[in-house]
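Sequence positions in the sequence shown follow the numbering used here and run 10 to 320. A virtual CB, placed ideally from N, CA and C, is assigned to each residue, including glycine. What follows is one structure encoded as structure tokens, with my remarks underneath.
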Amino acid sequence: MPLHFALRTPRAKDNSAAADQFIALPGRGGSAIMLIHGLTGSPYEMGFVARHLNRQGFTVSCPRLANHGRSLAVLKATIWEDCFDSMRRAFVTFREQLGPDVPLFVGGLSAGALLALLLAEAFPTDIAGVACLSPTLFYDGWNVPWTHRLLPLAYATPIGRFFYFKEESPYGIKSEGVRRRIHASYGDARLDGDGDFARNGYPFYPVTLYCEMRKLIRHFTRRLPTITTPVQIQQAVEDDITSPRNSEFIYKKIGSPMKELVLLHNSYHIITADQERETVAENIAAFCQRVLDRRTPAALAPLRERDAQPI
Numbered sequence: 010m011p012l013h014f015a016l017r018t019p020r021a022k023d024n025s026a027a028a029d030q031f032i033a034l035p036g037r038g039g040s041a042i043m044l045i046h047g048l049t050g051s052p053y054e055m056g057f058v059a060r061h062l063n064r065q066g067f068t069v070s071c072p073r074l075a076n077h078g079r080s081l082a083v084l085k086a087t088i089w090e091d092c093f094d095s096m097r098r099a100f101v102t103f104r105e106q107l108g109p110d111v112p113l114f115v116g117g118l119s120a121g122a123l124l125a126l127l128l129a130e131a132f133p134t135d136i137a138g139v140a141c142l143s144p145t146l147f148y149d150g151w152n153v154p155w156t157h158r159l160l161p162l163a164y165a166t167p168i169g170r171f172f173y174f175k176e177e178s179p180y181g182i183k184s185e186g187v188r189r190r191i192h193a194s195y196g197d198a199r200l201d202g203d204g205d206f207a208r209n210g211y212p213f214y215p216v217t218l219y220c221e222m223r224k225l226i227r228h229f230t231r232r233l234p235t236i237t238t239p240v241q242i243q244q245a246v247e248d249d250i251t252s253p254r255n256s257e258f259i260y261k262k263i264g265s266p267m268k269e270l271v272l273l274h275n276s277y278h279i280i281t282a283d284q285e286r287e288t289v290a291e292n293i294a295a296f297c298q299r300v301l302d303r304r305t306p307a308a309l310a311p312l313r314e315r316d317a318q319p320i
């Protein structure tokens with residue numbers, strides 16, 4: 010991912026109306042799920058998984074992170090707390106729409122996975138389980154250059170706020186067909202150009218946002234032991250951005266008594282849109298069902314009996 014420099018903040022089209030749009034699919038079953046996209050992405054990167062789960066009966070909501078879909082000038086001023094607050098508000102609204110009796114799950118991709126788990130900490134009795142997809146803690150994938158580690162130093166300088174990453178192939182995607190479609194949008198993109206950010210996400214990633222991601226990661230890792238909601242973690246063995254070490258770290262440190270780790274073998278980082286996206290969706294649906302099965306009185310009674318026994 011090469012770095013680009015722009016002394017003047019890019020002022021490309023700010024499509025505020027489109028930025029407020031999100032995916033919402035009413036379900037016919039008794040469960041619901043809220044899916045959170047990654048930084049600089051869009052709800053549409055969760056679209057396949059959302060539709061698949063909706064066909065399984067889930068009511069699905071895919072809200073948009075704060076300031077995403079708007080201009081780079083607006084995006085680069087975003088702090089991680091803005092993103093979390095936008096998801097907290099979206100969750101509260103979704104929970105109120107569903108009513109208290111509908112089991113509600115939360116899932117997230119990359120940074121969205123961290124936000125989903127932080128929501129589970131904030132609302133432990135309202136979230137039935139979390140689908141944690143390609144979580145990002147360490148930028149240690151095979152396509153991340155070693156110079157990536159120097160970015161916090163660049164950010165500390167007066168000119169650090171004027172640097173941007175340019176997304177390049179493979180774009181977190183192993184599928185050549187999907188990769189070609191992304192390249193058609195990202196390949197010739199310019200910092201001062203227009204683009205459908207609300208749908209396609211951003212071809213440029215502000216270094217300011219990367220530094221905010223590091224702050225989110227520090228906050229998240231301190232909170233991991235306090236998160237007890239059931240969790241399923243899915244990640245590709247060949248993840249080009251974050252290695253399976255990320256998922257293994259969360260699996261070991263999280264306080265959840267029910268936790269699963271699933272490794273995929275034919276995808277890169279954006280597993281919700283890559284070659285195993287159907288497998289990812291099916292894994293989430295099966296995990297949600299296992300959680301619901303454990304919540305039935307028959308399944309919970311033995312646990313209560315064991316808890317009641319004297320030590």
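Can you look up residue i in the DSSP assignment and give me helix, strand or coil?
i    : result
E269 : strand
L332 : Outside the modelled stretch of the chain, which goes from 10 to 320, sits residue 332, for which no answer is possible.
Q106 : helix
I327 : No information on residue 327 is available, as it lies outside the stretch 10 to 320 that the chain covers here.
S70  : strand
P215 : strand
V58  : helix
I226 : helix
L309 : With a pLDDT of 36 at L309, under the threshold of 50, the modelled position of that residue is not reliable, and the figure given next carries that caveat. Helix.
A198 : coil
Q298 : helix
I182 : coil
I259 : helix
F147 : coil
F132 : coil
L48  : coil
G264 : coil
V240 : strand
V115 : strand
V101 : helix
If you compare alpha carbons, which of the options is closest to residue i?
i    : options                   : result
Q187 : N209, D197, F213 and H228 : The question names Gln, yet the displayed sequence has Val at residue 187. The residue with the shortest Cα to Cα distance from V187 is N209.
R299 : A137, S194 and L146       : A137
N292 : L62, D205 and A41         : L62
N255 : L118, T238 and G56        : L118
V58  : R304, E285, R303 and F103 : E285
T68  : P52, T251, F206 and R37   : R37
G56  : R189, G78 and E287        : E287
M135 : L127, L142 and C141       : Correcting the residue identity first, residue 135 is Asp in this sequence and not Met. Cα-wise, what sits closest to D135 is L127.
A120 : E130, F206, T102 and P144 : P144
Q241 : V216, M267, R303 and L146 : M267
T49  : S80, L34, F147 and A129   : S80
V216 : Q106, E105, T238 and F172 : F172
Would you mind giving the Cβ-Cβ distance between residue i and residue j, rounded to the nearest angstrom? I have them listed as a contact below 8 Å.
i    : j    : result
V139 : A125 : 5 Å
F174 : F206 : That belief does not hold up - the Cβ atoms of F174 and F206 are roughly 15 Å apart, past 8 Å.
L113 : A41  : 5 Å
Chain D beta carbons: is any one of them nearer than 8 Å to that of residue i?
i   : result
P35 : In summary, chain D is missing from the structure at hand, where a single protein chain is found.
**Asked** Does the count of Cβ pairs from the region 243-256 and the region 85-99 closer than 8 Å reach three?
**Response** They do not touch, by the three-pair rule.
**Prompt:** Is there contact between the region 273-280 and the region 177-189, where contact requires at least three CB pairs shorter than 8 Å?
**Reply:** With contact defined as three or more Cβ pairs closer than 8 Å, the region 273-280 and the region 177-189 are in contact.
**Request:** For the region 270-295, list the beta strand (DSSP E) runs that are entirely contained and at least 3 residues long, ordered along the chain.
**Result:** Runs found: none.
**Message:** So, does the region 88-96 touch the region 210-228, judging by three or more C-beta pairs under 8 Å?
**Reply:** Yes: the two stretches touch, three or more of their Cβ pairs being nearer than 8 Å.
**Message:** Counting beta carbon pairs with one atom in the region 45-60 and one in the region 268-276, are three or more of them shorter than 8 Å?
**Reply:** These segments do not touch.
**contact_flag[the region 259-269, the region 225-241] where n(CB pairs < 8 Å) is 3 or more** = Enough Cβ pairs lie closer than 8 Å, so yes.
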